[in-house]
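Asks: As given, the protein sequences belong to chains A and B, one line each in that order. The first sequence begins at 1 in the working numbering and counts up one residue at a time. The second sequence begins at 1 in the working numbering and counts up one residue at a time. Where is the CB? At the ideal position from N, CA and C, for every residue including glycine. Quantities reported herein were computed from a predicted structural model and do not represent experimental measurements. This is the structure I want to talk about, given as structure tokens.
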Amino acid sequence: MKGLAIRNQRAFASGALFLAFAIFFFLVALEYPAGTAAKMGPGYFPRMLAIVLAAIGLVVMLGAIKPGASREALRQWDLKGLAWITGSVVLFGALLFPLGLVGALFVLIMVSSKASPEFTWTGALTNAAVLIVLCLAVFVYGLGLPLPVWPSLFN
Amino acid sequence: MDLFHNLAIGFATAAQPANLLYAFFGCLLGTLIGVLPGLGPLATIAMLLPITYALQPDAALIMLAGIYYGAQYGGSTTAIVVNLPGESSSVVTTIDGYQMAKQGRAGVALATAAIGSFFAGCVATLALAALAGPLTATALLFGPKEFFALMILGLILASVLSSGPFIEGIGMVVLGMLLSLVGTDLNSGSQRFAFGIPQLFDGLDFVPLAMGIFGFAEIVKNLEQDDKLSLVTQKITNLFPTRDDFRRMVPAMLRGTALGTLLGVLPGGGAVLSSFASYTLEKKLSRHPEQFGKGAIEGVAGPESANNAGAQTSFIPLLTLGVPSNVVMALMVGAMNIHNIHPGPEVMTKNPTLFWGLIASMWVGNLMLLILNLPLVGLWVKLLTIPYRYLFPAIMVFCSIGVYSINSGTFEVYEAAVFCVFGYILIKLQLPAAPLLLGLVLGPAIEENFRRAMVLSRGDATVLLTSPLSASLLAAAAIAVLLIMLPTIRARREEALQE
Numbered sequence: 001m002k003g004l005a006i007r008n009q010r011a012f013a014s015g016a017l018f019l020a021f022a023i024f025f026f027l028v029a030l031e032y033p034a035g036t037a038a039k040m041g042p043g044y045f046p047r048m049l050a051i052v053l054a055a056i057g058l059v060v061m062l063g064a065i066k067p068g069a070s071r072e073a074l075r076q077w078d079l080k081g082l083a084w085i086t087g088s089v090v091l092f093g094a095l096l097f098p099l100g101l102v103g104a105l106f107v108l109i110m111v112s113s114k115a116s117p118e119f120t121w122t123g124a125l126t127n128a129a130v131l132i133v134l135c136l137a138v139f140v141y142g143l144g145l146p147l148p149v150w151p152s153l154f155n
Numbered sequence: 001m002d003l004f005h006n007l008a009i010g011f012a013t014a015a016q017p018a019n020l021l022y023a024f025f026g027c028l029l030g031t032l033i034g035v036l037p038g039l040g041p042l043a044t045i046a047m048l049l050p051i052t053y054a055l056q057p058d059a060a061l062i063m064l065a066g067i068y069y070g071a072q073y074g075g076s077t078t079a080i081v082v083n084l085p086g087e088s089s090s091v092v093t094t095i096d097g098y099q100m101a102k103q104g105r106a107g108v109a110l111a112t113a114a115i116g117s118f119f120a121g122c123v124a125t126l127a128l129a130a131l132a133g134p135l136t137a138t139a140l141l142f143g144p145k146e147f148f149a150l151m152i153l154g155l156i157l158a159s160v161l162s163s164g165p166f167i168e169g170i171g172m173v174v175l176g177m178l179l180s181l182v183g184t185d186l187n188s189g190s191q192r193f194a195f196g197i198p199q200l201f202d203g204l205d206f207v208p209l210a211m212g213i214f215g216f217a218e219i220v221k222n223l224e225q226d227d228k229l230s231l232v233t234q235k236i237t238n239l240f241p242t243r244d245d246f247r248r249m250v251p252a253m254l255r256g257t258a259l260g261t262l263l264g265v266l267p268g269g270g271a272v273l274s275s276f277a278s279y280t281l282e283k284k285l286s287r288h289p290e291q292f293g294k295g296a297i298e299g300v301a302g303p304e305s306a307n308n309a310g311a312q313t314s315f316i317p318l319l320t321l322g323v324p325s326n327v328v329m330a331l332m333v334g335a336m337n338i339h340n341i342h343p344g345p346e347v348m349t350k351n352p353t354l355f356w357g358l359i360a361s362m363w364v365g366n367l368m369l370l371i372l373n374l375p376l377v378g379l380w381v382k383l384l385t386i387p388y389r390y391l392f393p394a395i396m397v398f399c400s401i402g403v404y405s406i407n408s409g410t411f412e413v414y415e416a417a418v419f420c421v422f423g424y425i426l427i428k429l430q431l432p433a434a435p436l437l438l439g440l441v442l443g444p445a446i447e448e449n450f451r452r453a454m455v456l457s458r459g460d461a462t463v464l465l466t467s468p469l470s471a472s473l474l475a476a477a478a479i480a481v482l483l484i485m486l487p488t489i490r491a492r493r494e495e496a497l498q499e
């Protein structure tokens with residue numbers, strides 16, 4: 001029974017990821033006309049690539065369960081850190097227009113700072129003040145990038 | 001005497017006060033950010049990209065190139081002083097450089113790195129200028145099938161040289177190519193994988209993807225491993241190598257420069273490969289291999305020269321053939337496209353002042369870096385005392401503004417957030433991101449050339465193997481795959497690519 005155990009969890013998951021992407025792209029590509037080798041339609045190349053990727057995914061997955069595969073567990077995930085960082089980026093995008101650059105940067109810096117195990121309120125607030133001034137000086141006044149500086153209510 | 005004529009055009013462009021200033025800014029910013037651990041040239045260029053939007057194309061490219069090799073210089077400083085490679089090509093420098101620092105010879109190690117890099121930079125500039133003409137002439141002989149074969153070779157080599165199992169690297173290349181299909185199909189005009197989202201009609205942008213993966217996801221990773229920096233506290237004095245040091249470092253520099261110049265030109269090559277290869281070579285040739293890992297000056301001089309030479313000559317395939325040989329060059333394509341310059345054989349003929357100006361500015365930049373780095377090294381080292389908890393929000397801010405500025409739209413910001421999650425998954429699965437990005441950048445050109453080649457041959461795929469040039473390029477790719485399958489080479493590669 002030991003033969004079918006997933007010895008290398010990391011590689012198995014990698015192969016599964018490839019396979020999942022391959023299936024997704026292949027199914028979507030089926031909606032596009034394939035054409036012929038001499039006159040390829042928009043669906044020809046994607047199907048070809050998806051088949052190659054599916055084959056690679058299967059080879060990687062098989063390699064992870066064969067008896068000689070090295071044992072490797074999946075690594076620990078830090079979902080909290082990921083959530084703070086990704087969340088701060090999404091908030092920046094969502095708040096840039098209603099709040100303007102100053103407000104959106106403030107939220108971005110405070111929320112992302114929370115991802116650090118060494119978070120302190122004073123540290124994060126000082127950092128926010130310094131970075132906002134720097135960004136206004138460099139990007140808005142120095143380079144003249146078209147960024148909304150203040151909340152849209154004031155415009 | 002074309003070479004001198006061309007270099008003269010180049011220096012005339014590079015020596016304009018404005019361009020000198022931008023080269024200086026690029027070098028300064030590059031060093032500044034390259035010193036900070038966890039930020040390599042790629043993230044640095046991506047972050048600073050918006051600064052170049054407002055500039056003239058030649059000034060923008062000169063500044064970007066300056067940022068690139070400035071980051072390389074800065075990376076060496078971090079490697080030597082705190083045993084953390086600022087970027088992947090300084091990984092080997094940590095081995096002997098940090099040992100030298102522990103013996104109180106940090107100054108000498110830093111000087112060796114700077115002098116080696118400068119010398120290599122001078123040689124590589126000349127090589128670039130000399131090779132550009134002939135290579136561009138060759139590129140003009142290339143048809144669709146040759147370009148297709150060349151890009152396949154490049155992608156195979158890039159996967160061979162990335163860390164982790166080869167098959168997973170190839171998988172990442174193919175995945176990157178699939179992602180590159182998103183957008184409008186140029187031949188039929190129909191939308192593929194865009195799902196009706198208008199912002200996707202132009203395809204997935206390279207910059208948000210690179211920033212999501214190399215900027216944001218990297219931060220999540222760094223926050224997990226909260227090791228404190230092991231800063232060398234002693235003052236850095238005594239920059240001057242002794243006579244004995246010179247006797248040992250000069251041959252290593254010469255060999256490193258030669259190796260780096262050659263390997264940089266290879267598709268998939270560049271700074272990382274060059275520095276690893278040089279370290280191995282120095283250790284093999286040394287009469288005292290036991291000193292390596294304990295502060296051998298050759299172990300700093302060789303790889304540092306090699307990585308700078310490789311970094312510079314990796315511009316050759318990009319500027320002459322339009323094929324980026326590594327991820328940083330792929331990002332340069334993105335940067336050039338923003339300024340409406342499409343890298344390839346036409347750049348040299350259509351835009352000679354830009355082309356030669358960029359090459360000449362590389363020499364100028366190297367000179368500036370020598371001056372910036374040797375006397376000011378103490379200042380750079382001080383930067384390392386900024387705690388990461390202040391640093392990473394700054395990176396977040398620069399990346400976010402940078403992503404927004406590509407199109408002045410928030411769609412790219414969300415795109416980067418999605419790729420942050422995706423990049424984190426890749427980190428956890430230890431899948432290499434570099435081949436993915438190369439696949440993404442080269443994907444459209446590969447499809448285009450493949451389709452054109454098939455139209456010309458009326459659907460007969462064997463033309464790829466019957467035309468001598470494309471056949472030999474594909475044969476080289478096949479040989480690379482076969483070699484990597486050999487057990488001894490496989491073991492060697494794993495050893496060499498281990499960090």
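(1) List, in chain order, every chain B residue whose beta-carbon is nearer than 7 Å to that of Arg75(A).
(2) By the DSSP assignment, the alpha helix (DSSP H) with Asp244(B) in it spans what residues?
(3) Cys420(B) versus chain D: which residues are under 7 Å apart at the beta carbon?
(4) In terms of DSSP beta bridges, what is Thr410(B) paired with?
(5) With DSSP collapsed to three states, give me the class of Thr184(B).
(6) Considering only residues of the same chain and omitting the five flanking positions on each side of Ala50(A), which have a CB-CB separation below 7 Å?
(7) Within 10 Å of its beta-carbon, does Gly443(B) have 16 or more other beta-carbons around it, so buried, or fewer, so exposed?
(8) Is Leu238(B) helix, strand or coil by DSSP?
(9) I'd like to know if Met454(B) contacts chain A, where contact means its C-beta is closer than 8 Å to some C-beta of that chain.
(10) Against chain A, does Pro17(B) count as a neighbour if the rule is that its beta carbon must be under 8 Å from one of theirs?
(11) Report the option in Leu321(B), Glu447(B), Met177(B) and Leu482(B) whose CA atom is closest to the CA atom of Leu53(A).
(12) Please decide whether Gly68(A) counts as near chain B, where near means a Cβ-Cβ distance under 8 Å.
(13) So for Gln191(B), helix, strand or coil by DSSP?
(14) Determine the burial state of Asp96(B): buried for a count of at least 16 other Cβ atoms within 10 Å of its Cβ, exposed for fewer.
(15) When we look at the beta-carbon of Val377(B) and count the other beta-carbons within 10 Å, is it buried (16 or more) or exposed?
(16) Can you round the beta-carbon distance between Leu358(B) and Ile62(B) to whole angstroms, since I take them to be within the 8 Å contact cut?
(17) Which residues of chain B have a Cβ atom closer than 7 Å to the Cβ of Ile56(A), listed in chain order?
(18) From which residue to which residue does the alpha helix (DSSP H) around Leu473(B) run?
(19) My output table needs one value for Asn8(A): the three-state DSSP class, helix, strand or coil.
(20) Would you mind giving the Cβ-Cβ distance between Gly293(B) and Gln103(B), rounded to the nearest angstrom? I have them listed as a contact below 8 Å.
(21) Just the chain B side, please: which residues come within less than 8 Å of Phe240(A) by C-beta, in chain order?
(22) Here's the rule I'm using: 16 or more other beta-carbon atoms within 10 Å means buried, otherwise exposed. How should Met336(B) be labelled?
(23) Along chain A, in chain order, which residues have C-beta atoms closer than 9 Å to that of Thr410(B)?
(24) Regarding Phe142(B) and the ligand GDP, is the C-beta to nearest heavy atom distance less than 7 Å?
(25) Pull up the CB-CB distance for Ala101(B) and Ser90(B), whole angstroms please, since I reckon it's below 8 Å.
(26) Straight-line CA distance for Val381(B) to Tyr388(B)?
(27) Cβ of Phe216(B) less than 8 Å from any chain A Cβ?
(28) By DSSP, does Gly104(B) sit in helix, in strand, or in coil?
(29) List the whole-angstrom C-beta distance separating Thr93(B) from Val250(B), where the pair is believed to meet the contact cut-off of C-beta under 8 Å.
(30) Pull up the CB-CB distance for Asn311(B) and Thr257(B), whole angstroms please, since I reckon it's below 8 Å.
(31) By the DSSP assignment, the alpha helix (DSSP H) with Phe92(A) in it spans what residues?
(32) In chain order, what residues of the same chain have a beta carbon less than 7 Å from the beta carbon of Trp363(B), not counting five sequence neighbours either side?
(33) Check the DSSP bridge columns for Glu72(A) and list the partner residues they point to.
(34) Let me know the secondary structure DSSP gives Met1(A) once reduced to three states.
(35) May I have the straight-line CA-CA distance separating Ile425(B) from Lys221(B), to the nearest angstrom?
(36) Can you tell me the Cα-Cα spacing of Pro393(B) and Leu108(A), whole angstroms?
Replies: On the basis of the coordinates in this document:
(1) Taking the first sequence and counting its residues from 1, one reaches residue 75(A) at position 75. Within 7 Å Cβ-Cβ: Lys428.
(2) Translated into the one-based positions of the second sequence, residue 244(B) becomes position 244. Start and end: Arg243 to Val265.
(3) Absent from the structure: chain D. Protein chains present are A and B.
(4) As a first step, residue 410(B) is located in the second sequence; it is residue number 410 there, counting from the start. Assignment of beta-bridge partners to Thr410(B) by DSSP yields no partner.
(5) The residue given as residue 184(B) occupies position 184 in the second sequence. Here Thr184(B) sits in strand by DSSP.
(6) By 1-based counting over the first sequence, the position of residue 50(A) is 50. The answer, listed in chain order, is Ala22, Phe25, Phe26 and Ala29.
(7) Against the second sequence, residue 443(B) aligns to sequence position 443. Buried: at least 16 other Cβ atoms inside 10 Å.
(8) Translated into positions along the second sequence, residue 238(B) becomes position 238. In the sequence under discussion, the amino acid at residue 238(B) is Asn, which differs from the Leu named in the question. Asn238(B) falls in the coil class under three-state DSSP.
(9) Counted from its first residue, the second sequence places residue 454(B) at position 454. Taking Cβ atoms only, chain A reaches closer than 8 Å to Met454(B), which makes this a yes.
(10) Here the question's residue 17(B) lines up with position 17 in the second sequence. It does not: the Cβ of Pro17(B) has no partner Cβ on chain A nearer than 8 Å.
(11) For the purposes of this step, residue 53(A) is identified with residue 53 of the first sequence, where counting begins at 1. It is Met177(B).
(12) Sequence index remark: in the first sequence, residue 68(A) carries index 68 (1-based). Look at Gly68(A): its C-beta is not under 8 Å from any C-beta on chain B.
(13) As a position in the second sequence, residue 191(B) is number 191, starting the count at 1. Of the three classes helix, strand and coil, the one that applies to Gln191(B) here is strand, per DSSP.
(14) On the second sequence, residue 96(B) is found 96 positions in, with the first residue counted as 1. It counts as buried.
(15) Here residue 377(B) is taken as the residue at index 377 of the second sequence, counted from 1. Counting of Cβ neighbours within 10 angstroms places Val377(B) among the buried residues, the total reaching 16 or more.
(16) As a position in the second sequence, residue 358(B) is number 358, starting the count at 1. As a position in the second sequence, residue 62(B) is number 62, starting the count at 1. Going by Cβ atoms, the distance from Leu358(B) to Ile62(B) rounds to 6 Å, so yes, they are a contact pair.
(17) For the purposes of this step, residue 56(A) is taken as the residue at position 56 of the first sequence. Here the neighbours are Ile167, Ile170, Gly171 and Val174.
(18) Counting from 1 along the second sequence, the entry for residue 473(B) is found at position 473. Counting along the chain, the alpha helix (DSSP H) containing Leu473(B) begins and ends at Pro468 to Met485.
(19) Indexing the first sequence from 1 puts residue 8(A) at position 8. The answer is strand: DSSP assigns Asn8(A) an E or B state.
(20) Counting from one through the second sequence, the residue named residue 293(B) turns up at place 293. Counting from one through the second sequence, the residue named residue 103(B) turns up at place 103. About 13 Å separates the two Cβ atoms, so there is no contact after all.
(21) Since the first and last residues shown for chain A are 1 and 155, residue 240(A) lies out of range.
(22) Start at 1 with the first residue of the second sequence, and residue 336(B) comes out as number 336. The residue in question, Met336(B), is buried, as its Cβ has 16 or more Cβ neighbours within 10 Å.
(23) Residue 410(B) sits at position 410 when you count from the first residue of the second sequence. Near Thr410(B) (Cβ distances below 9 Å), the residues of chain A are Phe92, Gly93, Ala94, Leu96 and Phe97.
(24) Absence of the ligand GDP is noted for the structure shown, with no ligands found whatsoever.
(25) Here residue 101(B) refers to the residue found at position 101 when the second sequence is read from its first residue. Here residue 90(B) refers to the residue found at position 90 when the second sequence is read from its first residue. Actually they do not touch by this definition, with Cβ atoms about 13 Å apart.
(26) For this step, residue 381(B) is matched to residue 381 along the second sequence. For this step, residue 388(B) is matched to residue 388 along the second sequence. Near 15 Å, if we compare the C-alpha coordinates of Tyr388(B) and Val381(B).
(27) Position 216 of the second sequence holds residue 216(B). By this cut-off, Phe216(B) is an interface position.
(28) Counted from its first residue, the second sequence places residue 104(B) at position 104. It is coil, neither helix nor strand.
(29) Reading the second sequence from its first residue, position 93 is the one you call residue 93(B). Reading the second sequence from its first residue, position 250 is the one you call residue 250(B). About 18 Å; that fails the 8 Å criterion.
(30) Start at 1 with the first residue of the second sequence, and residue 311(B) comes out as number 311. Start at 1 with the first residue of the second sequence, and residue 257(B) comes out as number 257. According to the sequence displayed, residue 311(B) carries Ala and not Asn. Ala311(B) to Thr257(B), Cβ: 12 Å. No contact.
(31) As a position in the first sequence, residue 92(A) is number 92, starting the count at 1. The continuous alpha helix (DSSP H) containing Phe92(A) extends over residues Leu79 to Ser113.
(32) Counting from 1 along the second sequence, the entry for residue 363(B) is found at position 363. The answer, listed in chain order, is Gly121, Cys122 and Thr125.
(33) Taking the first residue of the first sequence as 1, we reach residue 72(A) at position 72. Note: Glu72(A) sits in a beta bridge opposite Asn8(A).
(34) Residue mapping note: residue 1(A) aligns to position 1 of the first sequence, counting from 1. Confidence at Met1(A) is low in this model, with a pLDDT of 40, below 50, so its placement is unreliable and no value can be given for it.
(35) Indexing the second sequence from 1 puts residue 425(B) at position 425. Indexing the second sequence from 1 puts residue 221(B) at position 221. Roughly 11 Å between the two C-alpha positions.
(36) Translated into the one-based positions of the second sequence, residue 393(B) becomes position 393. Translated into the one-based positions of the first sequence, residue 108(A) becomes position 108. Their backbone Cα atoms lie some 8 Å apart in a straight line.
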